[in-house]
Amino acid sequence: MARIREAVRHRVPPQATTTGRRGGGEDTMSLRGAAVRVGGRTLWSGVDLEVGAGEFAAVLGPNGVGKSTLIKVALGLLPITAGEVRVLGEAPGRAGHRIGYLPQRRNVDPSLRIRGIDVVRMGLDGDRWGVPLPLPVRFSARRRAARDRIAEVIDLVGASAYAHRPIGECSGGQQQRLLIAQALVRGPELLLLDEPLDSLDLSHQGAVAALIGRICREEGVSVVMVAHDVNPILPWLDQVLYLAEGGAAAGPPREVITTETLSRLYGTPVEVLRTGHGRLVVVGGGHRAAGGGGHGHHPELG
Ligand SMILES: Nc1ncnc2c1ncn2[C@@H]1O[C@H](COP(=O)(O)OP(=O)(O)OP(=O)(O)O)[C@@H](O)[C@H]1O
């Protein structure tokens, strides 16, 4: 009941402040001097990040550097070994009901008969998918509120036309919209998204990126998103956290994704180029700077 009330409360879009940071007030998520160890080795250390209310932050970096691990830290699934992490004003893991989470690599079985709308409903009633809400048969205010909220988020992500189809029959982009609706249905203040554009084609990447950007700007939801390619989300970004073996850097994209900063993080000369269309291309001289690809090109930046 409280969850549904929470989900339908009115949101006030964050206003621009004189500091250029939207929202103002307390950070939604902050890391100060944070370090983490996984499998006996320190993945990253000295990580500082401040995501304000209603801000959109991307976590970038080469494969295996610990981007998903940072999301797990924010969820309280993994402890830090140094520094401090606060999420929605609390220690990680304490504010789970105020967070929407979309994990990495979501494979939907094409033969799955569950409808998109049922997948969205799972966001309200946890793992009871495929089973009706445990509510009285008679039409209750609680049930009506849940139904309205589910319809509201499906409409918000533009999935009304196919929400009643089996999700296995939906395209990758349609499935992604429905899964974003599931993450949104409880009315979270913070969305943690792990590579939500992964495996989408370019046009769907742009559309889903714009959807997430709009949710952030218009609904006032803070977003922390792990991304392989920064370009689709670049117009929406307030903050970037770039993780690399040589350290970490955080700040506005124009300050972080620079020749100087990335050369420092990779410990080898790297060049950041901006195309006529505003896309960022990162070119490195060495194998390591190429993020393992060896082509002098950073696939994670497009
Ligand atoms: N439970 C675990 N035990 C041991 N090592 C782990 C565990 N989980 C993750 N790792 C390792 O930690 C490193 C960071 O993993 P993580 O998934 O956070 O990286 P990532 O930056 O998100 O990578 P990618 O871009 O490939 O998704 C990897 O080398 C991974 O193999």
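Sequential numbering of the sequence shown, starting at 1, is according to the UniProt record's numbering. Backbone N, C-alpha and C fix where the C-beta goes; we use that ideal spot for every residue, glycine too.
Report the three-state DSSP secondary structure of A57 (helix, strand or coil).
In the sequence shown, residue 57 corresponds to position 57, counting from 1. In this structure, A57 counts as strand in the three-state DSSP scheme.
DSSP on R217, reduced to helix/strand/coil?
To locate residue 217, count along the sequence shown from 1; it is residue 217. Reduced to three states, the DSSP call for R217 is helix.
Thinking just about the alpha-carbon of each residue, which of S68, P62, R143 and G206 is nearest to the one in D194?
Residue numbering aside, residue 194 sits at position 194 when the sequence shown is read from its first letter. If we check each option's Cα against that of D194, S68 comes out closest.
Own chain, CB closer than 6 Å to R121, minus 5 neighbours either side, in chain order:
Here residue 121 is taken as the residue at index 121 of the sequence shown, counted from 1. Here R121 has I150 as same chain residues with Cβ atoms under 6 Å from its own Cβ, once five neighbours each way along the sequence are excluded.
Mind the definition here: the segment 218-225 touches the segment 90-98 only if three or more C-beta pairs lie below 8 Å; say whether that holds.
Contact annotation: the segment 218-225 does not touch the segment 90-98, with fewer than three C-beta pairs closer than 8 Å.
Simplified DSSP assignment, three categories, for R201:
Within the sequence shown, numbered from 1, the residue matching residue 201 stands at position 201. In the sequence under discussion, the amino acid at residue 201 is Asp, which differs from the Arg named in the question. Correct three-state label for D201: coil.
CA-CA distance, Y162 and L156?
Indexing the sequence shown from 1 puts residue 162 at position 162. Indexing the sequence shown from 1 puts residue 156 at position 156. Going by the C-alpha atoms only, they are around 13 Å apart.
Quick one: what's T261 bridged to in DSSP?
Looking up residue 261 in the sequence shown gives position 261. Paired residue(s): none; T261 is not in a bridge.
Do you know how far the Cα of S111 is from the Cα of E50?
One-based indexing of the sequence shown puts residue 50 at position 50. One-based indexing of the sequence shown puts residue 111 at position 111. E50 and S111: Cα-Cα distance of roughly 42 Å.
Does ligand 1 have even one heavy atom less than 7 Å from the beta-carbon of L262?
Working through the sequence shown from its first residue, we reach residue 262 at position 262. L262: no, Cβ never under 7 Å from ligand 1.
Once the 5 residues before and after D198 are set aside, which same chain residues still bring their CB inside 6 Å of it?
As a position in the sequence shown, residue 198 is number 198, starting the count at 1. Beyond the five residues adjoining it in sequence on each side, D198 comes within less than 6 Å, by CB distance, of no other residue in the same chain.
Does the distance between the C-beta of L43 and the nearest non-hydrogen atom of ligand 1 fall short of 7 Å?
Stepping through the sequence shown from its first residue, residue 43 is reached at position 43. Yes, the beta carbon of L43 sits closer than 7 Å to at least one heavy atom of ligand 1.
How is V283 classed by DSSP in three states: helix, strand or coil?
Residue mapping note: residue 283 aligns to position 283 of the sequence shown, counting from 1. Strand at V283.
At 4 residues or longer, what runs of the alpha helix (DSSP H) sit wholly inside the segment 137-168?
Counting only runs of 4+ residues, the alpha helix (DSSP H) found wholly inside the segment 137-168 occupies 141-156, in chain order.
Would you call H228 buried or exposed, if buried means 16 or more other Cβ atoms sit within 10 Å of its Cβ?
Taking the sequence shown and counting its residues from 1, one reaches residue 228 at position 228. The residue is buried, with at least 16 neighbouring Cβ atoms inside 10 Å.
Mind the definition here: the segment 171-183 touches the segment 101-110 only if three or more C-beta pairs lie below 8 Å; say whether that holds.
Verdict: yes, contact present.
In chain order, what are the residue ranges of uninterrupted alpha helix (DSSP H) at least 4 long that sit wholly in the segment 56-88?
For the segment 56-88, the full-length alpha helix (DSSP H) segments reaching 4 residues or more read 67-74 along the chain.
Out of E260, L192, P232 and M225, state which residue places its alpha-carbon closest to the alpha-carbon of G100.
Here residue 100 corresponds to residue number 100 of the sequence shown, with the count starting at 1. Answer by Cα proximity: L192.
A35 beta carbon less than 8 Å from that of T42:
Within the sequence shown, numbered from 1, the residue matching residue 42 stands at position 42. Within the sequence shown, numbered from 1, the residue matching residue 35 stands at position 35. Closer than 8 Å, so yes.
State the DSSP-derived secondary structure class of E255, mapped to helix, strand or coil.
Here residue 255 is taken as the residue at index 255 of the sequence shown, counted from 1. Reduced to three states, the DSSP call for E255 is helix.
Give me the DSSP bridge partner(s) of I99.
Start at 1 with the first residue of the sequence shown, and residue 99 comes out as number 99. Among the bridge pairs identified by DSSP, I99 is matched with L190.
In the DSSP assignment, find the beta strand (DSSP E) that holds L273 and state where it starts and stops.
Taking the sequence shown and counting its residues from 1, the one referred to as residue 273 is at position 273. Note, L273: beta strand (DSSP E), V270 to R274.
By the DSSP assignment, the alpha helix (DSSP H) with A244 in it spans what residues?
The residue you call residue 244 lines up with position 244 of the sequence shown. Segment Q239 to A244 is the beta strand (DSSP E) holding A244; no alpha helix (DSSP H) there.
Buried or exposed by the 16-neighbour rule on C-beta atoms within 10 Å, applied to T275:
Taking the sequence shown and counting its residues from 1, one reaches residue 275 at position 275. Exposed is the call here.
Out of S263, P235 and R264, point me to the one whose CA is closest to H277's CA.
Numbered from 1 along the sequence shown, position 277 holds the residue referred to as residue 277. Considering only alpha carbons, the answer is P235.
Distance cut 5 Å, beta-carbon to ligand 1 heavy atom: residue list by chain order:
With 5 Å as the limit, the residues whose C-beta approaches a heavy atom of ligand 1 more closely than that are V38, G39, N63, G64, V65, G66, K67, S68 and T69, in chain order.
To the nearest angstrom, how far is it from the Cα of G31 to the Cα of R86?
Locating residue 31 in the sequence shown gives position 31, counting from the first residue. Locating residue 86 in the sequence shown gives position 86, counting from the first residue. Residue 31 is actually Leu in this sequence, not Gly. Going from the Cα of L31 to the Cα of R86 covers about 7 Å.
For R21 and L70, I'd like the C-alpha separation in whole angstroms.
Mapped onto the sequence shown, residue 21 falls at position 21. Mapped onto the sequence shown, residue 70 falls at position 70. Because R21 carries a pLDDT of 48, less than 50, the predicted location of this residue cannot be relied on, and the following value inherits that uncertainty. The straight-line gap from Cα to Cα measures roughly 23 Å.
Hey, would you say G46 sits closer than 8 Å to L243, going by beta carbons?
Along the sequence shown, one-based indexing puts residue 46 at 46. Along the sequence shown, one-based indexing puts residue 243 at 243. No. Outside cutoff.
From what residue to what residue does the alpha helix (DSSP H) around D125 run?
Taking the sequence shown and counting its residues from 1, one reaches residue 125 at position 125. Note, D125: alpha helix (DSSP H), G116 to D125.
Thinking C-alpha only, which one of G247, G246 and L237 is nearest P253?
As a first step, residue 253 must be located in the sequence shown, where it is residue number 253. The shortest C-alpha separation from P253 is found at L237.
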